[in-house]
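Working notes, structure below.
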Amino acid sequence: MLEINNLHVKLEEEDKQILKGVDLKIEPGMVHAIMGPNGSGKSTLSYVLSGKGGYEVTEGSATLEGNDLLSMDPEARAAAGLFLAFQYPVEIPGVGNMTFLRTAVNSQRKARGEDELTAAEFLKAVREKAKSLKIDAEMLKRPVNVGFSGGEKKRNEILQMAMLEPKMCILDETDSGLDVDAMKLVSEGVNALRDGKRSFLVITHYQRLLDHIKPDVVHIMSNGRIIKTGGPELALDVEENGYKDLLAEAQA
Amino acid sequence: MIAPSKPKLTQAKIDATDARIKAITPPVVRGWSADLRADALSRLRAMGLPGPRDEYWKFTKPQSLVQPEAPKAAVFDAGEAQIFDGVDRVKIVFVDGVFDPEESDALAPNGVTIERLSQANSDIHWAKALYGKLETAGQDPVPRPLAALNTWAATDGLLIRVSGQTEKAVSIVYHHRDEASDVMMHHVIKLDDGAELTLLENGPAAARFNKVMEVEVGKGAKFHHVRAQGRDHERRAVTHIFARLKAEALFKSFTMTANGVLTRNECIIEMLGDDAVAHVAGACMGDGDFLHDDTVFVTHDALNCESRQVFKKVLRNGAKGVFQGKILVKAGAQKTDGYQLSQALLLDGDSEFLAKPELEIYADDVACSHGSTTGAIDEDALFYLRARGVSEAEATNLLTLAFLAQALEEIEDEALRDVLLERLSAWLDRRID
């Protein structure tokens, strides 16, 4: 599904290398987690994959189902099936959540040459999905993320994911700012989208989220590289011993 | 307040004013307005027309509004339906300032009397108490000579008296068919105590249009004004609204502007009765050779009144926006709630927004605030939308419309608001195709 080879990325504005050769391959239906200390390049990886400006790829490649992601506009990547659940969802005053969702869904359908959803079809789908995420009509009416609590913002991200039905979902620290109940709700939302074909890349600091969203593979990232890959037990190891030993091991 | 000293007019200004006056053949007027028009001419000569050195015209060059001949403006067919066609209304049509009886509805809805200024020649008329009177009051402390010029020489306009609730909006439609038309129109509107009126205006009116509207809103009366200025690229317009509010009166005026090489909209509001509310708002979109100037002066002279100014401008390709807004709170106007917001969204580095927000307060128990911002499209919001699959152009439109929406919220009637939003959205979409 997603294949990243030897990806090197620096900041556009300054001479600072953030990613220093990332290799990652995610098969369809698999859930991979990336853990790592602050500043290791986890969020940068998610931004570069989704097409945010300000970064320069100096070496390497990233493909989604064989298509070169790095040469596409962000909207083309989304239409191709990539979805990033933001760590900090953006507030957009003046744009209603429903308008936003409908525009997004139909833009992607149009880009893929599919028929746009009618107002009725869209409403039906959004109501159904919002309900399971405990998103009420009031939240749907409000401007995108404006005045939403941390938990509401993250649930709104998952609602977008559910509506857009992407093939490859990247969750960037979706657990940050969530209490235990909210984390459970969000995780249930994510798990409901696991269908054996859709792939996930879960970026997190903590093992806790991975209790709810069970990964198949866990990677440890540090200083712009993946330094260790293992099974779910690797996350438990981090939870118990921190990153110190792993980092020392990698340096040795 | 210190009265501004009246500087002696420069010879250049006297000459320019004379040249303009000479180029006009004023209408032959009998009856109640004759003296009022003569007074206006004296006022005009004493003030002189605005010149390039006048402080009040620092950001907007008045030359093309003042010169004797109107610069030509090509007639533009936008190929779209008249904006208020779907609204239940009484329609009155002027073509280059000339009344069009064929296109107009009968001038007699319930609760309202409508006369044409050019036909009202009796000696006694209710409008005599207002015509040029609110304009005169609005000349202090800042002179507005183009309004005095209008009071002197306006060829037509409507005298609207509202005595009760009106079930239909009154809609004035202005067409522009002559590329050299130079038109002055003057409306006087009086809402009796407790009366209510929605006034709609749309269309380009003329190559050069000078319009004055004097409005008196009686005790507890409600006046809603929604205006869509014409889209002819080359047209010029200077408009003045002079409003006087009595106790508990409501005044709401909204203007949408797209295109037009030069537009100066002045709105002068006097709040003379307690507990009155005045909101004036505008949304404009300018592209290329475009200057839009909102100049507002709100005077609070009573207790517990609320005023709001909300102006939003979207500018690109060298378009220029101007805002001069003032709230004057007189001594004794306690519990005043004054608010002023002017914001510009610059879609490129060539556009420009100049704002001069002012507060002048002589009462000690008031809440007044103003904010003025200039900015580009929010990059984070743009990326968020694109990451969800929305194209860059469409995302920009969505954010642009969202930016303007705050001004449109000042329109109380939701159906009317939707009419304008739809039109704005269609204009934005057309730019993508």
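Residue numbers (the UniProt record's numbering), protein chains in the order written: chain A, 1 to 252; chain B, 1 to 433. C-beta atoms are modelled at their ideal positions from N, C-alpha and C, and glycine is treated no differently.
Where does Gly-31/B sit, in a helix, a strand or coil, going by DSSP? helix
Just checking: is the beta-carbon of Asp-15/B within a distance shorter than 7 Å of some beta-carbon in chain A? no
Report the neighbours of Ala-192/A on chain B: residues whose CB is nearer than 7 Å to its CB, in chain order. Correct list: empty, because the minimum Cβ distance to chain B is about 20 Å.
Is Val-217/B closer than 7 Å to Phe-251/B when the C-beta atoms are compared? yes
Using a Cβ cut-off of 9 Å, pull out every chain A residue sitting near Ala-403/B, in sequence order please. Inspection of the sequence shows that residue 403/B is occupied by Phe rather than by Ala. Result: Pro-93 and Gly-94.
To the nearest angstrom, how far is the alpha carbon of Val-162/B from that of Val-170/B? 11 Å
For the beta strand (DSSP E) holding Phe-353/B, just list the boundary residues, first then last. 352 to 361
To the nearest angstrom, how far is it from the Cα of Asp-245/A to the Cα of Ser-71/A? 38 Å
Mind listing which residues of the region 65 to 91 of chain A have their C-beta closer than 9 Å to chain B's C-betas, in chain order? Asp-73, Pro-74, Glu-75, Ala-76, Arg-77, Ala-78, Ala-79, Leu-82, Phe-83, Leu-84, Phe-86, Tyr-88, Pro-89, Val-90 and Glu-91
7 Å is my cut-off, CB to CB: does Ala-137/A come that close to chain B? no
Give the residues from the region 43 to 58 of chain A that approach chain B closer than 8 Å (Cβ to any Cβ), ordered along the chain. Ser-50, Gly-51, Lys-52 and Gly-53
Please report whether the beta-carbon of Gly-107/A lies at a distance below 7 Å from any beta-carbon of chain B. In the sequence as displayed, the identity of residue 107/A is Ser instead of Gly. So yes, Ser-107/A belongs to the interface.
Can you find a CB in chain B that lies within less than 7 Å of the CB of Thr-118/A? no
Expressed to the nearest angstrom, what Euclidean distance is found between the alpha-carbon atoms of Ser-132/A and Gly-189/A? 8 Å
Give the residues of chain B in contact with Thr-103/A, contact being defined as C-beta atoms less than 9 Å apart. Leu-385, Arg-388, Gly-389, Val-390, Glu-394, Ala-395 and Leu-398
Chain C residues whose Cβ lies nearer than 7 Å to that of Ala-111/A: The structure shown has no chain C; the protein chains it does contain are A and B.
Which of helix, strand or coil DSSP assigns to His-224/B: strand
Tell me whether Lys-326/B sits in a helix, a strand or coil according to DSSP, three-state version. strand
For the alpha helix (DSSP H) that Tyr-47/A lies in, which residues bound it at each end? 42 to 50
Determine the DSSP secondary structure at Gln-343/B, reduced to helix, strand or coil. strand
What residues are listed by DSSP as bridge partners for Asn-210/B? Met-184/B and Val-238/B
What does Leu-164/A touch in chain B if you count any residue whose Cβ is under 9 Å from its own? Arg-388 and Gly-389
Exposed unless 16 or more other CB atoms sit within 10 angstroms - verdict on Met-1/B: With a pLDDT of 48 at Met-1/B, under the threshold of 50, the modelled position of that residue is not reliable, and the figure given next carries that caveat. Counting Cβ neighbours within 10 Å, Met-1/B comes out exposed, since fewer than 16 surround it.
Considering only C-alpha positions, which residue in the set Ala-192/A, Ile-170/A, Asp-175/A and Ser-176/A is nearest to His-32/A? Ile-170/A
Spatial distance of residue 257/A from Thr-44/A (CA atoms): The question about residue 257/A has no answer, for chain A in this structure spans 1 to 252.
Pair every Cβ in the region 178 to 190 of chain B with every Cβ in the region 81 to 98 of chain B, then say whether three or more of these pairs are closer than 8 Å. yes
Along chain A, which residues have their Cβ under 7 Å away from the Cβ of Asp-54/B? The premise fails here: Asp-54/B is roughly 37 Å from chain A at the closest Cβ pair, so nothing lies under 7 Å.
Mind listing the chain B neighbours of residue 254/A? Cutoff is C-beta to C-beta under 8 Å, in chain order. Because chain A in this structure spans residues 1 to 252, residue 254/A falls outside the shown range and cannot be described.
What are the boundary residues of the alpha helix (DSSP H) that includes Glu-157/A? 150 to 164
Cβ separation of Gly-150/A and Leu-193/A, assumed to be a contact under 8 Å, to the nearest whole Å: Actually they do not touch by this definition, with Cβ atoms about 21 Å apart.
Less than 7 Å separating the beta-carbons of Thr-299/B and Gln-343/B? no
Using a Cβ-Cβ distance under 7 Å, would Ala-381/B count as near chain A? yes
Alpha carbon of Ala-248/A to alpha carbon of Leu-24/A, nearest angstrom: 22 Å
Simplified DSSP assignment, three categories, for Asp-433/B: Residue placement at Asp-433/B cannot be trusted, given a pLDDT of 44 that sits under 50; the coordinates are not used to answer.
Do Asp-301/B and Leu-346/B count as a contact pair if the criterion is CB distance below 7 Å? no
Determine the closest residue to Asn-241/A out of Val-186/A, Asp-181/A, Gln-207/A and Leu-185/A, with distance taken between C-alpha atoms. Gln-207/A
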